[in-house]
Each structure stands twice: as C-alpha cells, then as structure tokens.
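Report on one structure; see the data block that follows.
Residue numbers (our numbering): 129 to 426.
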C-alpha cells in the first residue's frame, strides 16, 4: 500500500474541517445495537425528549477516536460509538456536527451550538470554569511518535529528549505538558524542549512523516493506531500521567448531564461500553464508573 493511502485517514481528517459547515449534520456509523431504558429516558430534559435528538460536536481527527471513513463524510470512532450508544439507551439519536477545529469546541458549547461535545477532551479544572464534564475514558497513557529511521531511543520521560523538537496539537493539554517538561529540562541545566504547535493532530503526524519535525506528542491510542498503519512511523515515547479522564463536555449547568452520566453507567454495567472500547483495541482505557464535574477530580 502506498504512503498516500496509508495517510488517507489523516488527510481526510485534516482537510474536511472547512468542507462541513458547523451547522451541517454529519452522518455517523455505529455497529452496536443498544436498547432504550424508559427509566433513564425520564431523566432527559423535556426539550430534548420532545425533539428526539442530542446535538453533538466533534473534531474529526484520527482513528480510533473520531474520524471520517473512506467515503469522506461518515463519522466513526470511539467517541461516535460511545455517544450514539448513550443516546440510544436514552431513547433518542445523535445529530453530529463538525466543530471545524478543537479550539472551536468550548466556544461552541458556550454559545449553545452543541448540547455536548466529544473529541478526546481531557477534563481539567481550568476547563471546568467554562464547561461541565461527564467522564468516560482513562487518558493516563500518552505517546510520542517519530520516524523509524530517526532511531530515537525509547523513553518514558521527557528528560531524555531535552533540547529536541516535539510537536503537539493547538489547544490540547499536551502543550502545557511540554512547557512543564521544558522547564524541568532548563532547571536541570539542560536545553529546553522546542515545541512546535500544529493546528491539529493530523497535520502534526504528517509533519513527522515528511521529516519537518522529529517527534509529535499526543493521545496514545490515536498515535499507536497511526504507527500500525503508516510504515515509516515508530512509537518512541510512552508517557504516563496522573490525569483526569477524557470526558463528554457540556455547557455549564446543562440539564442533560444527569441523563448522560446515568446512561454511561448503564452501558458500563451491562458490558456494552467495554465492547465498544475493545472494538477499537483500546479496552485498557476503560473506566469503572462515569463521574461528573468536581467528583472527577476527587
């Protein structure tokens, strides 16, 4: 298979953000049939129960998180399967919208454009000042990729790469992590880490493949998927962090939070949730319970 074909999911994700207007409904694919629970449906806000759907924003990025299939228009991935299952358990459907970039997610929630957003969003106390969260995935494992022919020795901490250049996606928590790691380097009398900021993960991964940057830092599951598909790439770094889970984001004090949390815990209990993660080969990130807002950080 040619390199251009291997990079197709990246190219699709990176180039379609302007092709879809933010208000346009994007079709999605899911392979899990989930039955509705009337007792959970009663927790839905009256307006959502009446209209029969939840508006969800996502930033199609790379498999297995959220991405466009080969038809260039149908969404698939962990986020898509999880939220579609949550909605089905509540007896409604999801109407997906492309946010056109990760940085547009919180403004879109605050303006009421989306009821929820899912796009590998880490719950943080700083973000909690602007939006609310319901947790659903353990994101404590992060990765760093490079080209195989760069022969970068495997590492588990950034002190091994002080003085080198590493990319990360704009608006992500990875930028802050690299800044903190760079300070540790300089405090130890070493050279700082040069941080290259990319508009999204696909453009950063492509930059590694083309040799424009030596490394890119991001979610472990997404980067390991790319390594499995794109021959020149290798996983050089595995970074473990004590971090709050990836979460569904909501406008502050959303009346929908209780229903989504209850639905998630129902899916965890009956095994559907684990099946979804296992489908994408990321069962290692399963949480035992979905938590909400401040209790996430407890």
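Glycine included, C-beta positions come from ideal geometry on N, C-alpha and C. None of these values were measured; they are calculated from a predicted model.
Can you have a look at residue i and say buried or exposed, based on whether 16 or more other CB atoms are within 10 angstroms of its CB?
i	result
residue 304	exposed
residue 315	exposed
residue 149	Caution is warranted here: a pLDDT of 41 is assigned to residue 149, below 50, making its placement in the model unreliable, and no coordinate value can be reported.
residue 156	buried
residue 317	exposed
residue 274	buried
residue 187	buried
residue 263	buried
residue 278	exposed
residue 369	exposed
residue 354	buried
residue 195	buried
Consult DSSP for residue i and reduce its assignment to one of helix, strand or coil.
i	result
residue 383	coil
residue 255	helix
residue 262	strand
residue 293	strand
residue 250	strand
residue 378	strand
residue 150	Residue confidence is low: residue 150 scores 45 on pLDDT, short of 50, so the model does not pin down where it sits. Its coordinate-derived value is still stated next. Coil.
residue 156	strand
residue 355	helix
residue 281	coil
residue 98	Residue 98 lies beyond the residue range present for the chain, which begins at 129 and ends at 426; the question has no answer from this structure.
residue 395	helix
residue 244	strand
residue 133	The predicted model places residue 133 with a pLDDT of 45, which falls under 50 and marks its position as unreliable; any figure quoted below should be read in that light. Looking at residue 133 - three-state DSSP - the assignment turns out to be helix.
Flag this pair as yes or no: are the beta carbons of residue i and residue j separated by less than 9 Å?
i	j	result
residue 165	residue 229	no
residue 206	residue 408	yes
residue 162	residue 363	no
residue 348	residue 271	yes
residue 246	residue 379	no
residue 189	residue 406	no
residue 267	residue 413	yes
residue 154	residue 201	yes
residue 173	residue 383	yes
residue 388	residue 289	no
I'd like the span of the beta strand (DSSP E) that includes residue i, first residue to last.
i	result
residue 365	361-368
residue 184	181-186
residue 429	With the chain covering 129 to 426 only, the question about residue 429 has no answer from this structure.
residue 226	221-226
In terms of residues, what are the limits of the alpha helix (DSSP H) holding residue i?
i	result
residue 217	206-217
residue 271	Careful: residue 271 lies outside any alpha helix (DSSP H), inside the beta strand (DSSP E) at 269-275.
residue 233	233-238
residue 407	400-407
Cβ-heavy atom distance between residue i and the ligand PLP below 8 Å?
i	result
residue 166	Absence of the ligand PLP from the depicted structure is noted, as is the absence of any ligand whatsoever, leaving it without description.
Determine, for residue i, whether the minimum Cβ-Cβ distance to residues of chain B falls below 9 Å.
i	result
residue 211	Absent here is chain B; the protein component of the structure consists of one chain.
What beta strand (DSSP E) runs, 3 residues minimum, are completely inside the stretch 308-351? 322-326, 343-347
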